[in-house]
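Chemist:
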Amino acid sequence: MDYSNRVNSKKGSGGVADVQETKVHTRRRLKELLTTQVLDLDSDPYVFRNHLGLLECRLCLTTHVSESSYISHIGGRKHQMNLEKRQILDEKYSKNQQGISNTNNASVISINNTPKRSWTKSGRPAFKVTKIRNTETLQMGLLINAKYPNATVEEPFFRIMSYYELSTKNQNVALSYVHKEAQDKEDADPNNWQYLVITAEPYENICFAIPNNKEIDKPAVLGQMSDSFWWYWDGDTKDFFLQFLYK
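According to my numbering, the stretch in the sequence shown is residues 32 to 278, in order.
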């Protein structure tokens with residue numbers, strides 16, 4: 032007799048269990064789990080009750096309508112396998128942390144052991160922007176004067192940045208400012224501007240939008256000054272001056 036292409040075609044195997052027998056087996060298994068395990072939501076780190084009153088397993092990302100359903104889940108294969116994987120990851124992480132703590136190499140830098148700098152901001156500093164022109168070369172430019180009477184740093188820091196170098200928050204601020212001050216569609220593009228940022232603790236940063244189509248006449252070597260590009264910090268009056276000319 033040909034037994035191929037039949038359910039449980041192997042000789043000696045049992046028949047296919049119907050729906051009723053499956054339910055009986057599930058109830059029996061659930062009853063055994065309920066008698067051997069007691070669900071404690073406070074001690075189980077992987078279960079929590081959501082806003083709908085349902086139980087969720089953080090480890091397996093499953094949802095259960097009752098405690099008995101969750102108990103049946105934690106006795107299943109999926110939950111047990113995820114527990115083993117989590118245990119392996121925890122052991123690996125603890126070994127790495129122990130190795131970092133035991134090392135005496137001073138060059139090892141971690142985000143956790145880096146001291147965080149914090150200060151109370153003193154608001155926005157007073158500043159003045161003046162348009163200037165060189166009488167000999169007829170070059171146009173800007174002279175910026177910012178006052179930092181309570182500065183705690185040796186000298187203010189400045190940097191000319193592009194739109195993509197700004198943070199997401201500052202990009203939104205720059206976008207709204209450019210749209211507000213733009214006179215045509217080309218000026219409304221924030222990429223057509225470069226942004227001069229001046230910072231000095233504990234004051235807030237100040238930023239100036241400069242047209243990107245005008246190249247600043249500054250030295251090729253970073254950090255050097257010239258007649259057309261210079262800055263000065265007066266430690267007595269706490270005034271910071273920055274001047275640059277366009278080519």
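Just so you know, even glycine gets a beta-carbon here, dropped at the ideal spot from N, CA and C. Note that this is a predicted model, so its numbers are computed, not measured.
1) Let me check understanding here. Comparing Cα to Cα, which of Ile102, Ser125, Leu90 and Ser97 lies closest to Met112?
2) Just verifying my parser: in three-state terms, what is the DSSP assignment at Val96?
3) Please classify Phe271 as buried or exposed, where buried requires at least 16 neighbouring CB atoms within 10 angstroms.
4) Taking Cβ positions, are Lys269 and Ala182 nearer each other than 8 angstroms?
5) Taking buried to mean at least 16 other C-beta atoms within 10 Å of its own C-beta, is Phe79 buried or exposed?
6) So, at 7 angstroms on beta carbons, what are the nonlocal neighbours of Ile237 in its own chain, with the 5 sequence-adjacent residues on each side left out?
7) Using DSSP's beta-bridge definition, name the partner residues of Met171.
8) Could you check which residue in His82, Ser193 and Gln118 has the C-alpha nearest to that of Asn222?
9) Do Tyr277 and Asp248 have their C-beta atoms within less than 8 angstroms of each other?
10) Please classify His104 as buried or exposed, where buried requires at least 16 other C-beta atoms within 10 Å of its C-beta.
11) In this structure, how does DSSP classify Pro242 when only helix, strand and coil are distinguished?
12) Taking all protein chains shown into account, do 16 or more other C-beta atoms lie within 10 angstroms of the C-beta of Ala231, making it buried, or fewer, making it exposed?
13) Going along the chain, which residues of its own chain have a beta-carbon closer than 7 angstroms to the beta-carbon of Lys109, five neighbours each way excluded?
14) Which stretch, first to last residue, makes up the beta strand (DSSP E) that contains Thr230?
15) Among the residues of its own chain, which have a CB less than 8 angstroms from the CB of Ala137, if the five just before and after it don't count?
16) Could you pull out every unbroken beta strand (DSSP E) segment of at least 3 residues lying fully inside the region 168-215, listed in chain order?
17) Where do the ends of the beta strand (DSSP E) carrying Leu276 lie?
18) Using a Cβ-Cβ cutoff of less than 8 angstroms, which residues in the same chain neighbour Glu246 once the five nearest sequence positions on both sides are dropped?
19) For Ile247, which residues does DSSP report across the bridge?
20) Could you pull the DSSP bridge partners for Arg80 from this structure?
Modeler: Taking the geometry as given:
1) Stepping through the sequence shown from its first residue, residue 112 is reached at position 81. The option with the nearest alpha carbon to Met112 is Leu90.
2) For the purposes of this step, residue 96 is identified with residue 65 of the sequence shown, where counting begins at 1. Three-state DSSP puts Val96 in coil, outside helix and strand.
3) Here residue 271 refers to the residue found at position 240 when the sequence shown is read from its first residue. Label assigned to Phe271: buried.
4) Looking up residue 269 in the sequence shown gives position 238. Looking up residue 182 in the sequence shown gives position 151. In this structure, Ala182 lies closer than 8 angstroms to Lys269 by Cβ.
5) By one-based count along the sequence shown, residue 79 stands at place 48. Under this definition Phe79 is an exposed residue.
6) Numbered from its first residue, the sequence shown carries residue 237 at position 206. So the qualifying residues of the chain are Arg155, Pro156, Phe158, Ala177 and Ile229.
7) To locate residue 171, count along the sequence shown from 1; it is residue 140. Partner(s): Arg164.
8) Indexing the sequence shown from 1 puts residue 222 at position 191. Nearest of His82, Ser193 and Gln118 to Asn222, Cα basis: Ser193.
9) For the purposes of this step, residue 277 is taken as residue 246 along the sequence shown, with counting starting at 1. For the purposes of this step, residue 248 is taken as residue 217 along the sequence shown, with counting starting at 1. Yes, the pair counts as a contact, with Cβ atoms nearer than the cut-off.
10) Position 73 of the sequence shown, counted from the start, is the residue given in the question as residue 104. Classification for His104: buried.
11) Working through the sequence shown from its first residue, we reach residue 242 at position 211. Note: Pro242 maps to strand in three-state DSSP.
12) In the sequence shown, the residue the question calls residue 231 occupies position 200. With 16 or more other Cβ atoms within 10 Å, it is buried.
13) Counting from 1 along the sequence shown, the entry for residue 109 is found at position 78. Here the set comprises Cys91.
14) As a working note, residue 230 is residue 199 in the sequence shown. Trp224 to Thr230 is the extent of the beta strand (DSSP E) around Thr230.
15) In the sequence shown, counting from the first residue as 1, residue 137 sits at position 106. Low local confidence applies: a pLDDT of 49 at Ala137 is under 50, so the model's placement there is unreliable, and no value is given.
16) 171-178 and 188-192
17) Along the sequence shown, one-based indexing puts residue 276 at 245. Where Leu276 is concerned, the enclosing beta strand (DSSP E) stretches over Asp270 to Leu276.
18) Start at 1 with the first residue of the sequence shown, and residue 246 comes out as number 215. Once the five neighbours on either side are set aside, the close Cβ partners of Glu246 are Tyr277 and Lys278.
19) Numbered from 1 along the sequence shown, position 216 holds the residue referred to as residue 247. In the DSSP output, where bridge partners are listed per residue, Ile247 has Tyr277.
20) For this step, residue 80 is matched to residue 49 along the sequence shown. Answer is Leu86, bridged to Arg80.
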